[in-house]
Amino acid sequence: MPITLKNILGTRDLAREDISTILDTANAFKEISTRPIKKVPTLRGRTVINLFFEPSTRTRTSFEIAGKRLSADVINITGSSSSTVKGENLIDTARNLEAMNPDIIVIRHACAGAAELISHFTKSSIINAGDGAHEHPTQSLLDLLTIQEHKGSLEGLRVVIVGDIAHSRVVRSNIFAMKTMGMDVRLVGPPTMIPFEIERLGVEVSHNLAEAIRDADVIMMLRIQTERQNRFLLPSLREYSNLFCLTSEKLERAPEDILIIHPGPVNRGVEIALDVMQDKRSLILDQVTNGVAIRMALMYLLLGGSDNGLN
Amino acid sequence: MGFDPKGVFFCPEPEIQLSSVIFNEKDISRAVTRIAHEILEKNKGADKLALVGIRTRGATLAQRLAKKINEIESTSVSLGILDITLYRDDLGTSKQSPEVKKTDISFSLEGKEIVLIDDVLYTGRTIRAAIDALIDFGRPATVQLGVLIDRGHRELPIRPDYVGKNLPTSKSNQVQVHLKEDDGVDEVILAKALSKKE
């Protein structure tokens, strides 16, 4: 089933069939990254612009590698090297990039809605690589791919997401996508980090980690965003890690085949203990590998047809 | 018999046969057996031989050929599956991105005698894409081509080394290969379209 979207702005817009198509396509693309010559000619002559206004290693590199393995030309622009420092606003930046006829613009920005905003001013496809605390759809899709690979199917799986729910765009994208795929989502964290009435998205809330993971299939740990911790959400990091750090002791009560995932970057010892990171059930590096495949799949699906998303 | 408005007698056109089975289960089985022997004869055994089937039905045929070759030589010939979607020259011309499936070539191509297998050879564009894809996996000693049906109308300088059946067709015809593993039945159908294909 081909997807009919022009942009990937969030998982909220994705139907179940769209997500299945993306995951199946990504599955086929994984093999390319294991070849001696890691390149196919599919997007030869296409241009992808990576427009990153926030720091990133994983996501930006992953998009760049994905584009290059499909033979697209990839251009990277970071916030500090762009005309934004000269005072140009986002819409003008988008219009100027559009004037150079790129096929895809990948954007990460600190403001929620930035990707959607520029999508109104460009003919290129827009992929949201994270907008404020709103959405990070490619991260969610690679999480789903990783889970599906190890569990076979997604339907009915119980996922526990632990950490700073309020500031996390990864959580929002995952809640939408996981609910669409028929999964149960339980959020765990200190009350100050869980938004009021989040249950309305169809999720459960708990404040006890050891209790919450007893019957879980997947546990997703989130990074404590120390750069955003100026609002007194925590008495101290130490108290947080006492209660919510995933340690092998807390894991003892979880099912044997539980999967451990983390979107990275990791604060070792704060949200996840070192020995848990190295546990064979931890799939943190599998997620990174799958990220390239997901981004290749999206670029292919957005550009492989003559009128994808334009009808 | 009828009478047309201009007052001239005419005969109604004979009913046009839409499709006919031109190769049945037995025919396919005989062709596979013969091609297996031809491959072994030309390559003097199966030592460096590897079969690569083009998805979907080429892969199925390659599996049958490999089984046959293994029986004849009591060996285990390397078998790969190629999806050529990412190498197509018509990407962006169909409405939506064609479905991509897994390529699975888990052996080294260096120095191997590769036989590409497909069900129908027509314009040759699929084979061009397949050769490009193969070369990305390494440098084989030779690349040969085996097909069940060669229906002509080549648009590129490509010729098969092993052919199940040469089938002269018109461009408006359709040749459909059905195999048990994919379609539940073994047959090759020649379908004559009444109107020009879109």
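Line order of the protein sequences matches chains A and B. Take the first sequence: its position 84, counted from the start at 1, is 84 in the numbering used here, and no numbers get skipped. Take the second sequence: its position 25, counted from the start at 1, is 1025 in the numbering used here, and no numbers get skipped. C-beta atoms are modelled at their ideal positions from N, C-alpha and C, and glycine is treated no differently.
- Here the alpha carbons of B:Lys-1067 and B:Pro-1140 stand approximately 22 Å from one another.
- A straight line joining the alpha-carbon of B:Pro-1160 with that of B:Val-1143 spans about 11 Å.
- If you ignore the 5 residues before and after A:Glu-155, its C-beta comes within less than 6 Å of the C-beta of Gly-182, all in its own chain and listed in chain order.
- Judged by beta-carbon spacing, A:Gly-45 lies beyond the 7 Å limit of B:Lys-1095, meaning their Cβ atoms are not closer than that value.
- According to DSSP, B:Gln-1144 shares a beta bridge with B:Val-1115.
- Among the residues of the segment 1013-1041 of chain B, none has a Cβ less than 8 Å away from any Cβ of chain A.
- In the displayed model, A:Gly-113 falls within coil according to three-state DSSP, outside both helix and strand.
- A:Arg-95 is a Cβ neighbour of A:Phe-121, given a cutoff of 7 Å.
- Scanning A:Lys-38, A:Cys-111, A:Arg-158, A:Ile-126 for the CA closest to the CA of A:Ser-168 turns up A:Cys-111.
- Contact between A:Arg-253 and A:Thr-138 is absent: CB atoms are separated by about 33 Å, not below the 8 Å threshold.
- According to DSSP, A:Arg-158 shares a beta bridge with A:Asp-184.
- Distance from A:Asp-217 to A:Leu-259 at the Cβ level is roughly 7 Å; contact confirmed, criterion being Cβ atoms closer than 8 Å.
- Contact between the segment 16-35 of chain A and the segment 81-101 of chain A is absent, with fewer than three C-beta pairs closer than 8 Å.
- Counting C-beta pairs with one atom in each stretch, the segment 124-134 of chain A and the segment 264-281 of chain A have fewer than three that are closer than 8 Å, which means they do not touch.
- Classified as buried, A:Met-178 has 16 or more neighbouring CB atoms from the shown chains inside 10 Å of its CB.
- Taking the beta carbon of B:Asp-1083 as reference, the chain A residues within 8 Å of it are Ala-28, listed in sequence order.
- For A:Met-221, the enclosing beta strand (DSSP E) covers residues 218-221.
- When C-alpha distances from A:Lys-38 are compared across A:Thr-21, A:Ala-115, A:Ser-71, A:Ile-284, the shortest belongs to A:Ser-71.
- Per the C-alpha coordinates, the member of A:Ser-173, A:Thr-57, A:Pro-191 positioned closest to A:Val-185 is A:Ser-173.
- About 5 Å separates the Cβ atoms of A:Asn-76 and A:Asn-50, confirming a contact at the 8 Å cut-off.
- Below the 7 Å Cβ cutoff, chain A contributes Val-40, Thr-42 as neighbours of B:Leu-1086, in chain order.
- Where B:Leu-1065 is concerned, the enclosing alpha helix (DSSP H) starts and stops at 1057-1073.
- Excluding the 5 residues flanking it on each side, B:Ser-1097 has same chain C-beta neighbours closer than 8 Å at Leu-1091, in chain order.
- Taking C-beta separations shorter than 7 Å and ignoring five residues to either side along the sequence, the partners of A:Ala-66 in its chain run Val-292, Arg-295, Met-296, Met-299, following chain order.
- Annotation: Cβ neighbours of A:Glu-31 in chain B (cutoff 8 Å, chain order): Lys-1102, Thr-1103, Asp-1104.
- DSSP places A:Tyr-300 inside the alpha helix (DSSP H), whose first and last residues are 284-303.
- Beta-bridge pairing by DSSP links B:Tyr-1162 to B:Gly-1146.
- The segment 1047-1062 of chain B makes contact with the segment 1103-1118 of chain B: 3 or more CB pairs, one atom from each, lie closer than 8 Å.
- Residues Tyr-240 of the same chain have their beta carbon placed closer than 6 Å to that of A:Leu-234, with the five preceding and five following residues left out of the count.
- A check of alpha carbon separations from A:Val-188 across A:Ala-212, A:Arg-12, A:Gly-79 identifies A:Ala-212 as the nearest.
- Residue pairing from DSSP leaves A:Phe-63 without any beta-bridge partner.
- For A:His-150, the three-state secondary structure derived from DSSP is helix.
- Within the model, the alpha-carbon separation for A:Ala-99 versus A:Leu-9 is close to 21 Å.
- In the structure shown, the three-state DSSP call for A:Gly-79 is helix.
- Under the three-state reduction of DSSP, B:Asp-1104 is assigned to strand.
- Per DSSP, reduced to three states, the secondary structure at A:Ile-107 is strand.
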